[in-house]
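Undergrad: Residue numbers (the working numbering): -3 to 396. Cβ atoms here follow ideal geometry from the backbone N, Cα and C, with glycine treated the same way. In this text, all values refer to a predicted model and were calculated from it rather than measured experimentally.
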Amino acid sequence: MKRKLHIVVGIHVVLGLTLIALGLIRYRQTIPVSEIPSVETIAPLDSKGPDWPVFHGASDLTGVIEGSLDLPLSLLWQFKTQGDLLGSAAVVGQRVFVGSSDKKLYALDLTSGDLIWSLDTDGALEASVTVVGDQVVVGSRRGTVYAVDINSGQVNWSYETGGQIAGAANRFFLETSNIPHLLVGSYDSRLYCLNGQTGEPVWSYETESYVNGTAAIAHGLCAFGGCDATVHVVNIADGNAVQTADAGAYVAGSGAIKDGIFYAGNYDGALMAFDLGNSELLWTTHSDGNEPILTCPAVTDDRVLFGARDSQLHCLNRQSGQRLWAFKALDAIDSSPVVVGQQVVFGSDDGRLYMVSLDEGRQLWSFEVGATITATPAVAKGRVIFCSTDGVVTCLGPSS
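(1) Whose CA, out of 295, 305, 243 and 324, lies closest to the CA of residue 313?
(2) At what residue ranges does the segment 261 to 327 contain a whole run of the beta strand (DSSP E), taking only runs of 3 or more?
(3) What does a CB cutoff of less than 7 Å around residue 223 pick up in its chain, not counting 5 residues either side in sequence?
(4) When you compare the CB positions of residue 327 and residue 344, do they come within less than 7 Å of one another, or not?
(5) Out of 216, 200 and 184, which one is the CA nearest neighbour of residue 172?
(6) Judging by CA-CA distance, which residue of 91, 255 and 183 is the nearest neighbour of residue 298?
(7) Give me, in chain order, the residues of the same chain whose beta-carbon lies closer than 8 Å to that of residue 66; leave out the 5 immediate sequence neighbours on both sides.
(8) In chain order, what residues of the same chain have a beta carbon less than 8 Å from the beta carbon of residue 373, not counting five sequence neighbours either side?
(9) Can you find the residues in the same chain that come closer than 6 Å, C-beta to C-beta, to residue 159, ignoring five residues on each side of it along the sequence?
(10) Within 8 Å, do at least three Cβ pairs link the segment 76 to 91 to the segment 266 to 282?
(11) Would you kindly work out how many angstroms separate the C-alpha atoms of residue 214 and residue 55, rounded to a whole number?
(12) So, at 6 Å on beta carbons, what are the nonlocal neighbours of residue 186 in its own chain, with the 5 sequence-adjacent residues on each side left out?
(13) Could you tell me which uninterrupted beta strand (DSSP E) segments, each at least 3 residues in length, are contained entirely in the segment 317 to 395, listed from first to last along the chain?
(14) By how many angstroms is the C-alpha of residue 125 removed from the C-alpha of residue 371?
(15) Looking only at its own chain, which residues have a Cβ that is under 7 Å from the Cβ of residue 391, when we skip the five neighbours before and after it?
(16) If you draw a straight line from the C-alpha of residue 104 to the C-alpha of residue 93, how long is it?
(17) With a threshold of 6 Å on Cβ separation, who are the neighbours of residue 386 within its own chain once the five nearest residues in sequence on each side are excluded?
(18) Among 188, 225, 48 and 198, which residue has its Cα nearest to the Cα of residue 211?
(19) To the nearest angstrom, report how far apart residue 311 and residue 150 are at their CA atoms.
So this is what it looks like as structure tokens:
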């Protein structure tokens, strides 16, 4: 059943007090969605390409790519860092980029896994890595955003926020400019928009608590949640709030935007679908036992998939939120699923990378590394590159 999100506009105090008294969902519309200026995001340009430049594959964070993976996949190489690996890799050209809690950013050869260069930073790198143009971008636990030359490994610029950076940077171009812009969330309770060439701040948007995940970008908007238990929708051209909605609990991960609908899970095990155009919460579905959802949903034309700490990968009907099937792993699933054609790839705390069928959740294949996999796998050029908490980067692909 659809539930209307109430809107508080300007100085309509009476309505606002009524909503508070009734304890209903908080919702604020300050700019009509129809008036948001158009922008050109990078998502349509890279989501069908061979690379994996950003967390969950493209700027809308839907986690869906074309093609298929030839089974069985074989171990091509592994690379060991000296710290935990919690973030996901980026893959562009013939290089893999990954940050480690050993305070280093690494560039590896995609074919061999050999080290090309590494960069020492000021803190543990727990966020996923982003590539935009000829720069590699990553945030540190100390709160510093680094933009690094993709070839030399030298720092082009850095920007200090006031808190830890746990989520990947996302990126877009304004329609009137060829300069990339970066969106980065921080534990100082702000989402920052930075000039991608200089690192200068363009705007910042303040929330009431930590911003954990990556902001999804589509339709001239970005949408994200955080530890203030609120979904924020922001005009990416100027950083002005478009609307906010009560998420019911902490949003510890990222959400995805598909056809104007934002899909995100919270720490109380609710997966929600928010319509950004007409101010409706379309539906809510829960994990078993209301176990926390830390994954970013993968969203296809007709399905939504998410993992949860109930150890299950859930597949829902995108229109109704009704569960179609669930696949049971041996431990929690904090690794966001990726849809490759009719295959779904994800990791688990049980130390396995799984592949199941999209139609019915039937297990097709698995690979065991023996260490927790919380990072989202990167899928590029017929390979799967994923990180595990023992500090190992693993590349799987066709044996030939």
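TA: Quick answer:
(1) 295
(2) As far as the segment 261 to 327 is concerned, its whole beta strand (DSSP E) runs of at least 3 residues are 266 to 271, 276 to 282, 299 to 303, 308 to 313 and 319 to 324.
(3) 205, 206, 208 and 246
(4) yes
(5) When each option's Cα is compared against that of residue 172, the closest is 216.
(6) Closest option to residue 298, judged by alpha-carbon separation, among 91, 255 and 183: 255.
(7) 378 and 394
(8) 84, 331, 334, 341, 342, 343, 349, 380, 381 and 382
(9) Around residue 159: 139, 182, 183 and 184.
(10) no
(11) So the alpha carbons of these two residues sit roughly 7 Å apart.
(12) 200 and 202.
(13) 319 to 324, 334 to 336, 339 to 343, 348 to 353, 359 to 364, 374 to 376, 379 to 383 and 388 to 393
(14) 11 Å
(15) 72, 73, 109, 379 and 381
(16) Roughly 6 Å between the two C-alpha positions.
(17) 367
(18) 188
(19) 43 Å
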